[in-house]
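Step one of this worksheet: look at the structure below.
Chains as they are written, first to last, in the UniProt record's numbering: chain R, 1 to 495; chain E, 1 to 495.
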């Protein structure tokens, strides 16, 4: 057995155990009874430590060196090997007891958050969130030393391989140079038009679910390889080849659950389109979170808030809910989909204000990781930042600094990928329409196959065989920038 | 760290990984989309092999020897150590590649069975079942050599620690000496009474579920530590501290789902009553399958087919389904619960004919394991055996040799524990009522606390700190025999 083959076999096992961890995570959010949280945290930790032990096996250093000197490797094997090394570097930076402690503390805090958010009880959440933050900083410290980078970049690299705060500062700086002006102009423009009518509810949950499933079928989601369920915070999870998305329902509107399903389906199509022959290998995984988010936003924001989409979607929704009249026209529902508002909740935000929500979180988490902002001061800093960036102040922490699952579950360094994803989505959709001009007219018929085909070839099937930057450049002919996103906002909201 | 402490730590991890495997198994039967079966089989196998590696770590032999020479161990630690050795013996008997191959083949066959049974396609199932049987025999061979026992006893020990076919032959022989006569007499006796009336359906599934949940609450099931769902074959699964039962519903009768829920709740109460401080240790697990089945049958058959139970249950069912009239009286529903019939399906069988179904399977699987019966001849042998033992012949394999999940999923040597459990249940319930005379009158009020209290103390809380035989003898004052079961059948069906 060559050194590379040995690594391949070892990472096959690791990949499958990670898939198991993915299933546990899905169950925890969707199915698990509340009293099982502590036991589940310990089970999850045992699995994570087992994976960590395999990643930090002392034999790996020699195997990596041996494989890297093997000239017979194919380009794909070489790319896989580079990802194996990246995995190994992340794992060896952190001691096993810290990995185990983090898993327990994160699971415990996440469960507490579910209740504390409902109760608007920041004081109840804070001690557990402090434990999470302490261990996240300890992890960042360990990785930063190994990689020779800042604490924040060490965390960012977990979600966005090769990502640098310096680059994000540049992109977000470009964005911030026109965004406040665009928000105001979009709102002003909107005020000159008739307000969108709200279809009359209530909208039964089973019908909302049926509508979501219709869209999932149209988009090409394979229900023999995935599910749609309900959770507090919508997500796309499960395991490779068994991709499970969630949404949440309110009976006074179907719009949020519908857009949530479209968003998560975008994530799911990426997962289901990854190269199946490399399913359990590092190079067979999704490239990183900004590209992942680009896939959800390309579906939700670019494709499914277009005028063409509502030609398909409006009659379907009217049929399922038995709606009729001016609130149910494609034109009205499209106008509803493009409503811009200075709102409190990130996941409900429109695409014009969304980047402002993300910039806030990015600034705050950088400050907390750097030790420049304490959890005592977080609610105040949040509210100040909301005033400055979005122009509204939350009346309660429930709708303020407690709204997101990310920090309680230990996902620090994740937030900027949302807006990098939005910019990537705009650039990719522009390129896709240029390459396959019939994409919009086919979407109007409910046929997403031309779009999905382009994405399968240019994004999904690439796995992690190239860097995010190389994949985006190859697909669009240029590096990621703000131009396509800016043009998109102008065309849609300011014209 | 002492040798014992080291073993304790290692088995803590193993216990948690087994809990994870339990969750995966639940998901596979209840939630997983069909197209994910192959990937899931591979994930499950990776987890099983990981557990197997930990159980067969070469360091364990010395640690076991060291711990067994440690005079400072408490009696509980010593009992735990004995269970650790038993686990180790089972694991070291079987090579890792056989464990992995079995997991894949079993998962694949189980999924095939789900469809093949629906299609009545024994020919389609047979090749995969042959693979399962081949690997089961290979496993039995490896264990039999290690333990110096027969192939069948080696398999039996996996489900019934210390169980011997010789003892089962004796118990089942005692049973067979009176059972055919009892079946005939019970049917004759029944014919002298008015037939039970069947309440008119349909019975909506949501109401059946609501009724099942009412019973689960009454029995003391903690819904913050478990769930009720649906699967093709009802079971009790999940993980320690997160115990999940399933049932299946038909809308023409609520009786089967109700009895299924009561049965699985009996299993669940045992799991939830195990000593929590030892949750992930071998001695903290349920003792074995005959004791497990005794707990489900004590609830379903002994307690919940009594006249007292229907004083509580009949008005509740009538209220939920809006039923009234003679079919809904406690007396009629009780008579319905005691109907004896020579039926085709084991899981629907009454407690008089049930042992005949089990003796058939026990004989057939012993013959198949011994190599005296081929899968080609199984359907014929099944039908012959049904004629002889139960007195009816299935019109199709779907309702014949394909009806059970056990063989397709690789659980050979399991069946006899059902009837050993039935005998144990009778003996335990007799002892419980002698010790706590108010048990029946409290059941009539829907109060199961006195019964649950006795079970918690005498069975559930014992974990695996003593042998099945010692637990039964301590709880009832005598070793397991057929007398209590025989008396029970006489009193209920022949008087």
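All C-beta atoms in this analysis are idealised placements derived from N, C-alpha and C, irrespective of residue type, glycine included.
For residue 246(R), the three-state secondary structure derived from DSSP is strand. Distance from the CA atom of residue 123(E) to the CA atom of residue 226(R), rounded to whole angstroms, is 30 Å.
Residue pairing from DSSP leaves residue 474(E) without any beta-bridge partner. When C-beta distances to chain E are compared with 7 Å, the residues of the stretch 33-44 of chain R below that value are 33, 34, 35, 36, 39, 40, 42 and 43, in chain order.
If you compare the alpha carbons of 364(E), 485(E), 458(E) and 334(E) with that of residue 311(E), the shortest gap goes to 334(E). Residues of chain R with a Cβ closer than 8 Å to the Cβ of residue 50(E) are, in chain order, 13, 17 and 50. For the set 407(E), 454(E) and 187(E), the Cα lying nearest the Cα of residue 391(E) is the one of 187(E). If you look at residue 230(R), you'll find it isn't in any alpha helix (DSSP H); it sits in the beta strand (DSSP E) that goes 226-230. Here the alpha carbons of residue 465(E) and residue 97(E) stand approximately 32 Å from one another.
Close to residue 27(E), with beta-carbon spacing below 7 Å, are these residues of chain R in chain order: 23 and 27.
When the five nearest sequence neighbours on each side are left out, no beta carbon in the same chain lies closer than 8 Å to the beta carbon of residue 322(R). Residues 396, 397, 398 and 402 of the same chain have their beta carbon placed closer than 8 Å to that of residue 120(R), with the five preceding and five following residues left out of the count. Beyond the five residues adjoining it in sequence on each side, residue 52(E) comes within less than 7 Å, by CB distance, of 91, 96 and 99 in the same chain, given in chain order. Residue 239(R) is bridged by DSSP to 242(R). Listed by position along chain R, the residues whose Cβ is nearer than 8 Å to that of residue 240(E) are 39.
The continuous alpha helix (DSSP H) containing residue 106(E) extends over residues 96-119. Taking a C-beta cut-off of 9 Å against chain E, the contacting residues of the stretch 212-230 of chain R are 222, 223, 224, 225, 226, 227 and 229, listed in chain order. Linking residue 131(E) to residue 159(E) through their CA atoms gives a straight-line distance of about 21 Å. Taking 8 Å as the upper bound for CB-CB distance, residue 35(E) and residue 108(E) are not in contact here, some 13 Å apart. The beta carbons of residue 410(R) and residue 379(R) sit about 20 Å from each other, so the pair does not count as a contact at 8 Å. Across the structure, residue 474(R) and residue 428(R) are spaced so that their CA atoms are roughly 10 Å apart. With respect to residue 444(R), residue 220(R) sits apart: the two C-beta atoms are not nearer than 9 Å. When the five nearest sequence neighbours on each side are left out, the beta carbons in the same chain lying within less than 7 Å of the beta carbon of residue 393(E) are those of 383, 386 and 387, in order along the chain.
Contact between residue 279(E) and residue 241(E) is confirmed by a C-beta separation of about 6 Å, below the 8 Å threshold. Secondary structure at residue 306(R): coil, using DSSP grouped into helix, strand and coil. With contacts defined as CB atoms closer than 9 Å, residue 316(R) and residue 359(R) fail to qualify as a contacting pair.
Contact of residue 206(E) with chain R is not assigned, every C-beta pair being separated by 9 Å or more. Only exposed fits residue 1(E), as fewer than 16 other CB atoms lie within 10 angstroms of its CB. In the three-state DSSP reduction, residue 290(R) falls in the helix class (H, G or I). For the C-beta of residue 46(R), the chain E residues within less than 7 Å are, from N- to C-terminus, 13, 16 and 17.
For the 9 Å CB-CB criterion, residue 13(E) and residue 94(R) do not form a contact.
Between residue 190(R) and residue 329(R), the C-beta gap is not smaller than 9 Å, which leaves the two residues out of contact.
Below 8 Å, enough C-beta pairs join the stretch 349-359 of chain E and the stretch 414-422 of chain E to call them touching: three or more. Around the beta carbon of residue 170(R), fewer than 16 other beta carbons lie within 10 angstroms, which makes this residue exposed. Counted as a single uninterrupted DSSP element, the stretch harbouring residue 328(E) is not any alpha helix (DSSP H), since DSSP gives it neither H nor E. Apart from the 5 residues on each side of it in sequence, residue 230(R) sits with its Cβ closer than 8 Å to the Cβ of 30, 246, 247, 248 and 249 in its chain, given in chain order.
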